[in-house]
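In UniProt numbering, the protein residues as written are 1 to 652.
C-beta: ideal position from N, C-alpha, C; glycine also.
On a predicted model such as this, the values are computed, not experimentally measured, just so you know.
Read through the structure below, which is laid out as structure tokens, and then see the notes.
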């Protein structure tokens, strides 16, 4: 359609208004404006020459730069910009099993499918696979079952029958709490606690606020564990009955408005929930306490009082350790924390400031997870990941050197010289929290950097020595219901997994006999734990790892030509393997002669020892991508390891 200008050419040229009369001068004459009539000029209206753009329905192409991932992108940024991504995510429905592609921050998450396949191939039977499956099934059913209809012992309601606690018992429980628990988790003030909860026992809990009643009974539950009131079994014992009163008040505590007393009650309950009888609660309470602390703004308030700071930093420590063990990001954003750390004389053990040291290590734990185990860290290149590992190692070493020498990891253990049970507990926790990070970092280093021989060798020795130290410390652990499951179960179990792996992959190594001795020490500990807990903690299943490792080494040594004559009084299978002495010490064996006998039906050690000349000193600890064995190796192992194992797991 042609559009005509409303002004004639002459008027547009002169830039004046063009007025056309409504009636023409003559009928049928063309339209002529008044200006052209007065000047007797030709009046012409030309078409509009301006071209209109047609609407473009196609979107403009994005610049090339926007199609490329950015260096500081988070995974969510890439999902929003490019749609679904192929990230290596974790399976949160498993406990001791692990991914083939990624290493988790949890020390218990150990056995990937490739690792189990490689270990089973070396052993020659499926007993290990069955053992891990039984252990996994048991732990999943008790800890992380996601079935809405699964039966649960934990109920958030008060018991129908009241708990009878006499005045003398209450005083004893409160004294035990402030003597044994408070120095390690110093978030209460005894004078303030006494004044707030004085009426709870004297006049009954009906006269107390629900928050005061909750903190009062949580303290009683914690203290009663030191007076034969605790139990490993959920729903059993006086401590649990008292704690059940707190669980019945949970709905009222979690409802705003929040207060210091509510947060203190939730913190005390979180500490009780760290014990074995509360496995089903997992870390739910400490996460709720962290969210409440954030809502109260204790982490960045200019009006925070010492009581506020004590409870905040206690929760900070508990939550950071719990989230790392759960392979989860922390509730607290460290970049948003600005409050001071108060002075807590109760947590001073000689010259060792346990409270400050624990907070410092919790901060390092947060750094380790964020830089090495978060979903964002999976986007890093191997070079960047190794750079982050070196940075973390420096931080861990600085922290280690800041610890008093009596409690310092990697120093000779001196806990036997300490008479105070609190100092022993602080020493154990200091070591275990440190070695928990060592496990995670060094396992990741082996996974990321499978080709750097020197770094890998250092990581292997770090892992082995850390596992040995953890098992060496179990002799100082009180096998009592009040012991946190992280100390009593998780760390010793992680150490067993690591030493078991070292033994199976290094049967000819000079350290193997010592590793089997440590496995036997761990087996004895877990047997005691199983007996003390009346089967609530499956120690007998875990003890089976030592038996499998010992039988494996014995079978291998039966096939190795002995360079000297064995002692006549020695009977095979009746003594611990580390007592056999130099008669079958692998350092006296010419491995080259053994390897040349592959066709004679004897055991080829090429599948177990690392290449000469370092085979007796270098540790073999293959990452998941190196754990495939050849078919010939598998057949050789099966032929020499045809043992019939008993049902190690038993009825669980």
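Assign residue 409 to one of two classes, buried (16 or more other C-beta atoms within 10 Å of its C-beta) or exposed (fewer than that). buried
Does any residue of chain D have a CB that is nearer than 8 angstroms to the CB of residue 440? Annotation note: the requested chain D is absent from the structure, which comprises a single protein chain.
Within 8 angstroms, strictly: CB atoms of residue 389 and residue 445
yes
Exercise. Report the three-state DSSP secondary structure of residue 352 (helix, strand or coil).
Key: strand
**Asked** Which residue or residues does DSSP assign as beta-bridge partners of residue 4?
**Response** Looking at the DSSP output, residue 4 shares a beta bridge with 47.
Note to self: Going by DSSP in three states, residue 37 sits in which element: helix, strand or coil?
What the structure shows: helix
Leaving out five residues before and five after residue 441 in sequence, what residues of the same chain have Cβ atoms less than 8 angstroms from its Cβ?
368, 372, 389, 392, 393 and 396
Counting Cβ pairs, one atom from each stretch, are 3 or more of them under 8 angstroms apart for the stretch 523-538 and the stretch 485-496? yes
- For residue 585, which of helix, strand or coil comes out of DSSP? Per-residue confidence for residue 585 stands at a pLDDT of 32, beneath the threshold of 50, marking its modelled position as unreliable; the derived number appears in the next sentence. Residue 585 falls in the coil class under three-state DSSP.
Simplified DSSP state of residue 484, which is helix, strand or coil
strand
- prompt: With residue 231 and residue 481 assumed to form a contact (beta carbons below 8 angstroms), what rounded beta-carbon distance in angstroms separates them?
  reply: With a Cβ gap of about 5 angstroms, residue 231 and residue 481 count as contacting.
**OP:** Tell me whether the beta-carbon of residue 284 lies closer than 8 angstroms to the beta-carbon of residue 319.
**Re:** no
_Let me confirm a value: residue 194 is counted as buried when at least 16 other C-beta atoms fall within 10 Å, else exposed. Which label applies?_
exposed
Backbone secondary structure at residue 303 - three-state DSSP: In this structure, residue 303 counts as coil in the three-state DSSP scheme.
Practice item. For my contact list, residue 18 and residue 7 are in at a C-beta cut-off of 8 angstroms; report their separation, rounded to the angstrom. Key: 4 angstroms
| message | Tell me which residues share the same chain as residue 365 and place their Cβ nearer than 6 angstroms to its Cβ, disregarding the 5 neighbours each side in the sequence. | response | Only residues of its own chain outside the window of five on either side were considered, and among them 320 and 324 have a CB closer than 6 angstroms to the CB of residue 365, listed in chain order.
Around the C-beta of residue 223, are 16 or more other C-beta atoms found within 10 angstroms, so that it is buried, or is it exposed? buried
Practice problem: Could you say which of 167, 474, 253 and 507 lies nearest to residue 521 if we only look at CA atoms? | Solution: Nearest of 167, 474, 253 and 507 to residue 521, Cα basis: 474.
Quiz item: In three-state DSSP terms, what is residue 328?
Solution: coil
### Message
For residue 275, list the residues DSSP reports as bridge partners.
### Response
484
Residue span of the alpha helix (DSSP H) that contains residue 377, given as start and end
That residue, residue 377, is in no alpha helix (DSSP H); it is neither H nor E in DSSP.
- Query: Below 8 angstroms between beta carbons: does that hold for residue 664 and residue 258?
  - Reply: Residue 664 is absent from the model: the chain starts at 1 and stops at 652.
Assigned secondary structure, residue 360 (DSSP; H/G/I helix, E/B strand, else coil): helix
Rounded C-alpha distance that separates residue 468 from residue 248
43 angstroms
Query raised in the report: Between which two residues does the alpha helix (DSSP H) harbouring residue 422 extend?
Result: If you look at residue 422, you'll find it in the alpha helix (DSSP H) that goes 421-448.
*asked:* Is the beta carbon of residue 463 closer than 8 angstroms to that of residue 496?
replied: no
Note down, one range per segment and in chain order, each beta strand (DSSP E) of at least 3 residues found wholly within the stretch 476-557.
none
* Count the other CB atoms within 10 Å of the CB of residue 192; is the residue buried (16 or more) or exposed (fewer)? -> So residue 192 ends up on the exposed side.
**Cα-Cα separation, residue 186 to residue 378** = Rounded to whole angstroms, the gap between the alpha carbons of residue 186 and residue 378 is 37 angstroms.
| message | Applying the 10 Å Cβ sphere with the 16-neighbour rule, what's the burial state of residue 245? | response | buried
Notebook entry, point to check: In whole angstroms, what separates the C-alpha of residue 178 from that of residue 164?
Noted result: 21 angstroms
Handout entry: Where residue 303 falls, given that 16 or more other Cβ within 10 Å makes a residue buried
Key = exposed
Exercise. Determine, using beta carbons only, whether residue 172 and residue 227 come nearer to each other than 8 angstroms.
Key: yes
*What do you reckon, are the CB atoms on residue 356 and residue 448 nearer than 8 angstroms?*
Not a contact, by the Cβ cut-off of 8 angstroms.
**OP:** Going by CA-CA distance only, name the one from 350, 316 and 411 that's closest to residue 293.
**Re:** 316
> Three-state secondary structure (DSSP) at residue 604?
Replying inline: With a pLDDT of 31 at residue 604, under the threshold of 50, the modelled position of that residue is not reliable, and the figure given next carries that caveat. Of the three classes helix, strand and coil, the one that applies to residue 604 here is coil, per DSSP.
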